[in-house]
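*Asks:*
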Amino acid sequence: MKAAVIQFPGSNCDLDMLNALQLFGVEAQIVSHKATSLAGYDAIFLPGGFSFGDYLRCGAIARFSPIMTAVTTAAAAGKLIVGVCNGFQILTEAGLLPGQLMMNETPGFICAEVPITVINQQSQFTNQYQQATITLPVAHGEGRYYADEATIAQLEANHQVIFRYQTNVNGSAEQIAGIVNEKGNVLGMMPHPERAVEAIIGNIDGQDFFRSILN
Amino acid sequence: MTIIPEAMRNEPTPEEVRASQVYLQWSLSQDEYEMICQHLNRLPNYTETGLFAAMWSEHCSYKKSKPVLRKFWSQNERVVQGPGEGAGVLDIGDNQAVVFKAESHNHPSAVEPYQGAATGVGGIIRDIFSMGAQPIAILDSLRFGELHHNTTKHLLNGIVSGIADYGNSLGIPTVGGDVMFDATYQQNPIVNAMAVGLLNQADLHVGKAEGIGNRILYVGAKTGRDGIHGATFASSDFDSSTDQNRSAVQVGDPFLEKLLMDTTIKAIHIFGAAIVGVQDMGAAGLVSSSAEMAGKAGNGIHLNLNQVPQRETNLTPYELMLSESQERMLMVVQADHVAEVAQLFTDADLAAVDIGEVTADGRYRLDFDGVEVANIDVQYLITPPKQNQKQQVPARLTAEADPEFVPELTDVTATFKDLLAQSTIASKAEIFKHYDCSVRTDTVIKPGGDAALVRIKNTRKVLAMTTDVNGRYVYLNPQVGGQLAVAEAARNIVATGATPIGITDCLNFGDPDDPEIYYELAQSCAGINEMAQKLNTPIISGNVSLYNETDGQAIYPTPIIGMVGLLENIDHATTINFKNADDLIYLIGTVRPDFNGSELQKLVTGKISGQLKSLDLNIEKQHQQLVLKGIEDQLINSAHDVAEGGVAVTLAEMAFKTPFGCQVQADFAASWYFAESPSLFVVTVRPEHQADFELLARTQAHLLGKVTADTKLELTGSDQTIKVNQAVAQKLYEESIKCQLNQ
Amino acid sequence: MMYLGKVYVSYKPSVFDPQGDVIKTSLHQLNFQGVESVTQGKYFEIKLVATNLTEATANLVKMAEELLINPNTETYQYAIDEIEVL
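In order, the protein sequences belong to chains X, L and R. First residue of the first sequence? That's 1 in my numbering, and the numbers climb one at a time after it. First residue of the second sequence? That's 1001 in my numbering, and the numbers climb one at a time after it. First residue of the third sequence? That's 2001 in my numbering, and the numbers climb one at a time after it.
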């Protein structure tokens, strides 16, 4: 598998994602937000961070980066697209995923390891998970998933909700932590699987995420 | 008659400067002003007077603290770069080095907590990457007044958000630090930020303007009127009746800093020695960075101020030189590479402009609108007159000694519960949860342990780091307090299995012109120095923050120690938590009735008083070596140092977040479990290693008891037993700060 | 012609505004007991060149809808005036 990790100005989990992918043998490369083509990549990762300082709204400026046209094309072509944290925020701002990520219910950045339920163990991103409950790191100030009731109902009905927080971490609607698009090839999630792939740093529950993608 | 540039028409003439004595407001004394006039053989103009005021301020020149700082021991086999640069550098093998420094932002944070703390983080990070290093971790040492005050909550919330928003945006994890509360800090909170970086030694850069004809490249953000005279502002004490200093606080832009950091490191990798020198524009901005770089190289510098990128209109030379706009750096670049280097920065949407050159004349010369607005000898500008500060033993230390504080506790369990909820002892998770501690995926031990551990990818090495000082001890005995600060920081490092290798400091004190305060400064630094030499931890960088007083009332002397350690084998990383039921619990060292300055004394009497016993530096070192050896031989499987709240709190913290409890017994009174004796560790050992460990430890360790499978904490003394369920204790410990903040 | 557009962005009524909530609590602590609710919004001043007011207004509206707001949760009001070029 060949993967691109998009680097926006202000991305800061780009190298972490690159490292995680390389640990699983993926041929991964950093691609600038100014690039216009993603030809040849099987999977595209939008990493966490504070693209363009998260000024205006998180993800709102990055959405207009040149690379986003190629991301949209790749999504339409059925390539795997993963947005983690700020990447999730960019995907919703770009309209590739429904809803929006808003300021946490209790204002302030939260960094924690939180219990999460893998709701859908059939997805292209979760099919290697054997257990439903996992623990993943979260690190965000604006991770409260919001969408109108009709959209939420549709997400639930289509099994597009992939991850759910077990506790009310940030006030997300239906405690949603990660969703896919209707086609199932575009995933956005607030937790950081790339920070949970090595025992020495205390968490390996992200390993099955990468194994699923490679499967 | 010279032509006066338009922007400067309203400035006082040199004669008016003299008549109005405006320099006094900038903390330049009358004597100093007259010396300058005599040296120049003319009156300095407005701009020049401003340059002197900034460069001769304590913040830039350390003129008052220098006699003390000069005595710091800063050389050993690891030291690559000692004090005097952006940060100190220590060799850690494999051609790698660790780069670190701490810096205070107390005064800005007191008036504008959010921006004050945020820009403090920004500044210390620039000090690290200006050396060519990749910043890898941030620690913060914070001191506040009592938490039940609304002003404390306001300060804490602002300062913590400022640190969090800036560090989190940069993607540099905040991995540790310490937070204490005491009424002494009510008006003068302490905000000290420490940053640690990793350097390939080939990339080392320092702030020197070498090479006549080399160009001065300004990179980063544009200049505005932010923080004009912030450096002198930090060098004068507060008068709580005025609030007019507010405009001196700078505003940070972490997004811009992230670009500046990445691009500077990239530039150093690409251009290597063609980039001759790099320095952050910190306190007193452009003047301080350019004059220091020229001074260190023994050269002159010539700047054209019209070239300085500007965010506002009609900035005067005075404002351009003194502005403390954030996220700016100065580079000295070989003339034939300056365009390429500048291009790298402009590609990242950062300003990058050639503003002048290195000269052979040793002069500091500034041009503006074609007029020379300053012409001063560089060495004279950076060398303020020597100061001889008077010292006097504080009255409290010579007065008849207070009677020894002997606690009389009728219900030790109740006291224990109260102690766990004391703000200084209670869990700081409510604060630390706002900091991203896991970005960069290298954090092996996160906040909440003794020291943080950050691994170095592609090696077996791990760096340990911590900050510490208990100002109460330093107040009761400056010299012993200084020794204890280093000892405690080192014990934090040692408990993780790492060997302490070096120190940075932030010396937070009151007005140095008060001989009693200067005594505190000198004596505590002497104590720091003694312990540092004993432990082979050179003091390689640091910072001084004086005038921490309001309406004549100084804070406790608070010399914060930032320490870094090295663990060569990642497999030996050790945490504080109990590992298995039936593991044996040992106390390393001897508990004495050390209650003066303790959290227990504060809890029971509402204040601190009394004498500190002298510290045996040899014993301190032996205990540390024992723990290191025990960990290396894999005999010790958890270790925690004893600090505020004594052995009782240490044991509780080891049990928290585990399914275990403990049962221990000692032949001293139960109240001694709260004694804050020095040089103590609690460690656990598997029963099968008992003989080996006891052979190693000999008389230094005492078997206290064992880890139990139930969750009861049972600490028996010669008179009473402390008995509490771990869950109850943990709840008190974990919820105290949160409850107080939300009240 | 030079115009000054002022755009006020606020959350739609049903959307929870945690900052507003915190500010309200804080105001109560400062003894402003009469405070019923607080909503925090965003305010933009945009100087723009256009041939006439109609064109300037159309541009401003487009800017607001394409970038300044997220229509999922936010709404906006605006005002626009011709200004003198200094």
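Even for Gly, the Cβ is constructed at its ideal location relative to N, Cα and C.
1) Can the beta-carbon of Ala1054 (chain L) be found closer than 7 Å to that of Ala1352 (chain L)?
2) For the segment 1679–1686 of chain L and the segment 1628–1643 of chain L, state whether three or more C-beta atom pairs, one from each stretch, are separated by less than 8 Å.
3) What residues of chain L sit near Ile139 (chain X), judged by a beta carbon separation below 8 Å?
4) Which residues of chain L have a Cβ atom closer than 8 Å to the Cβ of Tyr55 (chain X), listed in chain order?
5) Measuring only between beta-carbons, confirm whether Asp205 (chain X) sits less than 7 Å from chain L.
6) When you compare the CB of Met103 (chain X) with every CB in chain R, is at least one pair closer than 7 Å?
7) Per DSSP, His1302 (chain L) is paired with what?
8) Is the Cβ-Cβ distance between Met190 (chain X) and Cys85 (chain X) less than 7 Å?
9) With DSSP collapsed to three states, give me the class of Ile1087 (chain L).
10) Any idea if His1640 (chain L) is buried or exposed, counting beta-carbon neighbours within 10 angstroms, 16 or more meaning buried?
11) Taking just the CA atoms, how far does Gly1298 (chain L) sit from Asn1245 (chain L)?
12) Which term fits Thr36 (chain X), buried or exposed, when burial requires 16 or more other beta carbons within 10 angstroms of its beta carbon?
13) In chain order, what residues of the same chain have a beta carbon less than 8 Å from the beta carbon of Leu1741 (chain L), not counting five sequence neighbours either side?
14) Using a beta-carbon distance below 7 Å, is Val2022 (chain R) in contact with chain X?
15) Using a threshold of 6 Å, is the CB atom of Val31 (chain X) nearer than that to any non-hydrogen atom of the ligand NAD?
16) For Val1278 (chain L), which residues in the same chain have their Cβ closer than 6 Å to its Cβ, ignoring the five residues on either side in sequence?
17) Applying the 10 Å Cβ sphere with the 16-neighbour rule, what's the burial state of Thr1242 (chain L)?
18) For Pro2013 (chain R), would you say it is in contact with chain X, using Cβ-to-Cβ distances shorter than 7 Å as the test?
19) Label Asn1470 (chain L) either buried or exposed according to how many other C-beta atoms from any shown protein chain fall within 10 Å of its C-beta, with 16 as the threshold for buried.
20) Just the Cα atoms here: how many angstroms apart are Tyr1364 (chain L) and Lys1457 (chain L)?
21) Could you check how far apart the C-beta atoms of Val1276 (chain L) and Val1341 (chain L) are, in whole angstroms? I think they sit under 8 Å.
22) Could you give the DSSP three-state label for Glu1520 (chain L): helix, strand or coil?
23) DSSP three-state label for Ser11 (chain X), please.
24) Using beta carbons (cut-off 7 Å, strictly below), is Phe109 (chain X) in contact with chain L?
25) Under three-state DSSP, which class holds Val1308 (chain L)?
26) Mind the definition here: the segment 1699–1714 of chain L touches the segment 1395–1405 of chain L only if three or more C-beta pairs lie below 8 Å; say whether that holds.
27) Report the residue ranges of all beta strand (DSSP E) runs contained in full by the segment 14–66 of chain X; include only those spanning at least 3 residues, in chain order.
28) Candidates L:Lys1629, L:Met1194 and L:Ala1399: which alpha carbon is nearest Asp1695 (chain L)'s?
29) Measure the C-alpha to C-alpha separation of Asp1239 (chain L) and Glu1058 (chain L) and round it to an integer number of angstroms.
30) Should the segment 1378–1386 of chain L be regarded as contacting the segment 1569–1579 of chain L, the criterion being three or more beta carbon pairs within less than 8 Å?
31) Name the chain X residues whose beta carbon is nearer than 7 Å to that of Thr1443 (chain L)?
32) Are the C-beta of Gln2019 (chain R) and some C-beta of chain X separated by less than 7 Å?
33) Hey, would you say Gly1220 (chain L) sits closer than 7 Å to Leu1350 (chain L), going by beta carbons?
34) Given a threshold of 16 other Cβ atoms within 10 Å of its Cβ, counted over all protein chains shown, does Cys1270 (chain L) qualify as buried or as exposed?
35) Taking all protein chains shown into account, decide if Ser1247 (chain L) is buried (16 or more other Cβ within 10 angstroms of its Cβ) or exposed.
36) Hey, Gln1096 (chain L) and Leu1199 (chain L) are a contact pair by Cβ (cut 8 Å); roughly how many whole angstroms apart?
*Replies:* According to the structure data:
1) For Ala1054 (chain L) and Ala1352 (chain L), no; Cβs fall outside 7 Å.
2) Verdict: yes, contact present.
3) Inspection of the sequence shows that residue 139 (chain X) is occupied by Ala rather than by Ile. Result: Asn1168, Asp1436, Ser1438 and Val1439.
4) Per Cβ cutoff of 8 Å: Phe1255.
5) By this cut-off, Asp205 (chain X) is not an interface position.
6) Yes, its Cβ sits closer than 7 Å to a Cβ of chain R.
7) DSSP, once it has assigned bridges, lists L:Glu1357 and L:Arg1365 as partnering His1302 (chain L).
8) Taking 7 Å as the Cβ cut-off, Met190 (chain X) and Cys85 (chain X) qualify as a contacting pair.
9) As written in the sequence, residue 1087 (chain L) is Ala, which differs from the Ile given in the question. It is coil, neither helix nor strand.
10) Buried, since its Cβ has 16 or more Cβ neighbours within 10 Å.
11) Note that Asn1245 (chain L) scores a pLDDT of 39, beneath 50, so its modelled location is shaky and nothing firm can be said.
12) Label assigned to Thr36 (chain X): exposed.
13) For Leu1741 (chain L), where only same-chain residues beyond five positions count, the Cβ hits under 8 Å are Leu1147, Lys1153, Leu1156, Asn1157 and Glu1430.
14) Judged by the 7 Å Cβ criterion, Val2022 (chain R) is in contact with chain X.
15) Among the ligands in the structure shown, none appear at all, so the ligand NAD cannot be discussed.
16) If the five residues before and after Val1278 (chain L) are omitted, its C-beta is found closer than 6 Å to the C-beta atoms of Ser1130, His1205 and Met1331, all from its own chain and listed in chain order.
17) Low confidence applies to Thr1242 (chain L): its pLDDT is 42, below 50, so where it sits in the model is not reliable, and the reading given next is rough at best. Per the 10 Å Cβ criterion, exposed.
18) Not one chain X Cβ lies under 7 Å of Pro2013 (chain R).
19) Sixteen is the threshold: when 16 or more other Cβ atoms of the shown chains lie within 10 Å of the Cβ of Asn1470 (chain L), as they do, the residue is buried.
20) Answer to the nearest angstrom: the Cα atoms are 44 Å apart.
21) Your pair Val1276 (chain L) and Val1341 (chain L) does not check out as a contact, with CB atoms roughly 11 Å apart and the cut at 8 Å.
22) If DSSP states are grouped into helix, strand and coil, Glu1520 (chain L) belongs with the helices.
23) Three-state result, Ser11 (chain X): strand.
24) Answer yes: the Cβ-Cβ gap between Phe109 (chain X) and chain L drops below 7 Å somewhere.
25) DSSP places Val1308 (chain L) in the coil class of the three-state scheme, outside both helix and strand.
26) Judged by pairs of C-beta atoms under 8 Å, the segment 1699–1714 of chain L does not touch the segment 1395–1405 of chain L, as fewer than three such pairs exist.
27) DSSP runs (the beta strand (DSSP E)) wholly in the segment 14–66 of chain X: 27–32 and 43–46.
28) Contrary to the premise, residue 1695 (chain L) reads as Leu rather than Asp in this sequence. Nearest option by C-alpha distance: L:Lys1629.
29) For Asp1239 (chain L), the pLDDT reaches just 49, beneath the cut-off of 50, and the residue's location in the model is therefore unreliable, although a value from the coordinates is still provided. Near 19 Å, if we compare the C-alpha coordinates of Glu1058 (chain L) and Asp1239 (chain L).
30) Put simply, the segment 1378–1386 of chain L does not touch the segment 1569–1579 of chain L. Fewer than three CB pairs are less than 8 Å apart.
31) Contact note: Thr1443 (chain L) reaches chain X through Ile201, using a C-beta cutoff of 7 Å and chain order.
32) Gln2019 (chain R) counts as touching chain X.
33) In this structure, Gly1220 (chain L) places its C-beta atom within 7 Å of the C-beta atom of Leu1350 (chain L).
34) Note on residue identity: the sequence assigns Ile, not Cys, to residue 1270 (chain L). Exposed is the call here.
35) Caution applies to Ser1247 (chain L), whose pLDDT of 49 falls short of 50 and renders its modelled position unreliable; the value that the coordinates give is listed next. Exposed: under 16 other Cβ atoms inside 10 Å.
36) Right, the Cβ-Cβ distance comes to about 7 Å (below 8 Å), so this counts as a contact.
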